[in-house]
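Taken in order, the sequence shown gives residues 9 to 288; the numbers are from this note's numbering.
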Amino acid sequence: MILSTIHEIKNIPRLKEAGADALIFGLDELSIRACRTFLWEQLPEIKACCERYQVKLYINALRFFMEDEMDLVRRFLKLAKELSVDGIYYGDEGFYQEAKAIGFEDRLVYQPETLITNSSDIDFYLGLGIQSVSLAHECTLEEIAAMTRNQKNVEVLISGYFSILYSRRPLLTNYKNQIHSNQIQTDRMYTLIESTRTARMPILEDRFGTTIYSEAPIQSFKELPILKEHGLSRFRIDSLFFDDEWTIQVLQAYKTKGDLPGSNRWYYQKTMTKKEDGDV
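Laid out in structure tokens, this is it:
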């Protein structure tokens, strides 16, 4: 199954024709790292359109929720259950508890970005009765094969930028205040370079926090057939910083073995490094 984010409702049939089996919609008040957010009132229209073109409907609900926001979670889950959405991405453990309370946990996909890095975590979360878990994006191809040897019901990001750090803190605003600058604006993308890197990483702050992204989008031209042969079947495309035309081109490239934007180096580069003597 190929799952993809979406920017425009009108592009549902084109994305389906290009090869998307499921579409992931951002929603106001619920989503972070969404390429576009829609109004709750649009959900019935979105559901009907997805059914018309036989594509599954998934919702990005990846925010962390404070105690006084749990009523918002309950209202959304009630609506999602009434509409029978096919899946919901979440990252907050409290969100799972509320879904379980109404018997809707089987629609959840746990996507904590960087945390699922071993088979024990996969077994634990799938043992909760959820639909799937999303692997950490930095895992190598060898690590993915090892950790999914006995459990295939996991999801892998195959194209798009991915989050390498998320904080609820307004990090850009704090930096702006520290340097006494009025040039930095919320909801505008900036880039940064770490001392140990050469490429620029996108960084974006909104009212829900700050996210730093990979310096390039991942692509999986050589790796997708290997992952399929291994028995995995859930693959996600994230069009953040792009548009639906980009997604269509990516879907077609996977079909025709054409050129794909991005890098596959994360599949072969271990992200953990051992501190050597003399390192500071």
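Built from N, CA and C at the ideal position, the CB exists for glycine as well.
Check for me: the alpha helix (DSSP H) holding residue i runs from which residue to which?
| i | result |
| --- | --- |
| I138 | First-last for I138: undefined, no H or E at that position. |
| L23 | I20 to A26 |
Roughly how many angstroms separate the alpha carbons of residue i and residue j, rounded to a whole number?
| i | j | result |
| --- | --- | --- |
| I32 | R22 | 15 angstroms |
| E25 | Q186 | 50 angstroms |
| L70 | T13 | 13 angstroms |
| I42 | Y97 | The displayed chain sequence assigns Ala, not Ile, to residue 42. For A42 and Y97, the distance between alpha carbons rounds to 11 angstroms. |
| E49 | Q277 | 44 angstroms |
| A56 | L91 | 9 angstroms |
| D76 | R82 | 12 angstroms |
| V162 | F46 | 27 angstroms |
| P178 | S222 | 19 angstroms |
| M9 | D29 | 6 angstroms |
| F229 | Y262 | 7 angstroms |
| Q257 | G270 | 13 angstroms |
| Q193 | N182 | 11 angstroms |
| D267 | W254 | 12 angstroms |
| P233 | M197 | 34 angstroms |
| C58 | H188 | 48 angstroms |
| L143 | Q119 | 7 angstroms |
| E202 | R157 | 35 angstroms |
| H145 | E121 | 7 angstroms |
| T44 | K265 | Rather than Thr, the amino acid found at residue 44 in this sequence is Arg. Roughly 28 angstroms separates the two Cα atoms. |
| S39 | A153 | 30 angstroms |
| Q62 | P52 | 15 angstroms |
If you compare alpha carbons, which of the options is closest to residue i?
| i | options | result |
| --- | --- | --- |
| L240 | I211, I187, L165 and D252 | L165 |
| F73 | E53, E37 and C58 | E37 |
| K108 | K89, A144 and C58 | K89 |
| S128 | P120, Q159 and G111 | Q159 |
| I110 | D94, I211, Y133 and L85 | L85 |
| E101 | N126, G95, T148 and Y133 | Y133 |
| K64 | V141, L149 and L11 | L11 |
| E16 | R215, D252 and R176 | D252 |
| A207 | R242, M155, S167 and A224 | A224 |
| Q260 | P52, D79, Q62 and S167 | S167 |
| M209 | N126, S171 and N190 | S171 |
| T148 | Q105, D94 and Q227 | Q227 |
Counting along the chain, where does the beta strand (DSSP E) carrying residue i start and finish?
| i | result |
| --- | --- |
| T199 | Y198 to L200 |
| A30 | A30 to L35 |
| I192 | I192 -> no beta strand (DSSP E), and no H or E assigned at all. |
| T204 | Counting along the chain, T204 falls outside any beta strand (DSSP E), and DSSP gives it neither H nor E. |
| S12 | I10 to T13 |
Could you round the C-beta distance between residue i and residue j to whole angstroms and report it? I think they count as a contact, below 8 angstroms.
| i | j | result |
| --- | --- | --- |
| Q139 | L116 | 6 angstroms |
| D114 | G135 | Actually they are not in contact, since the Cβ atoms of D114 and G135 sit about 13 angstroms apart, beyond 8 angstroms. |
| E151 | L180 | So it is not a contact: roughly 32 angstroms between Cβ atoms. |
| L248 | Y169 | 6 angstroms |
| V6 | I67 | Missing from the structure shown is residue 6; the chain here goes from 9 to 288 and no further. |
Is there a C-beta anywhere in chain B that falls below 9 angstroms from the one on residue i?
| i | result |
| --- | --- |
| L173 | Given the protein chain composition of this structure (a single chain), no chain B is represented. |
Output the residue ranges of the alpha helix (DSSP H) runs that lie fully inside the segment 209-274 and measure 4 residues or longer, sorted by chain position.
231-237 and 252-264
Threshold first: 4 residues or longer. Then list the alpha helix (DSSP H) segments lying entirely within the segment 52-105, N to C.
78-91
Suppose only complete runs of 4+ residues qualify. What are the alpha helix (DSSP H) ranges in the segment 115-190, listed by chain order?
127-134, 149-155 and 179-187
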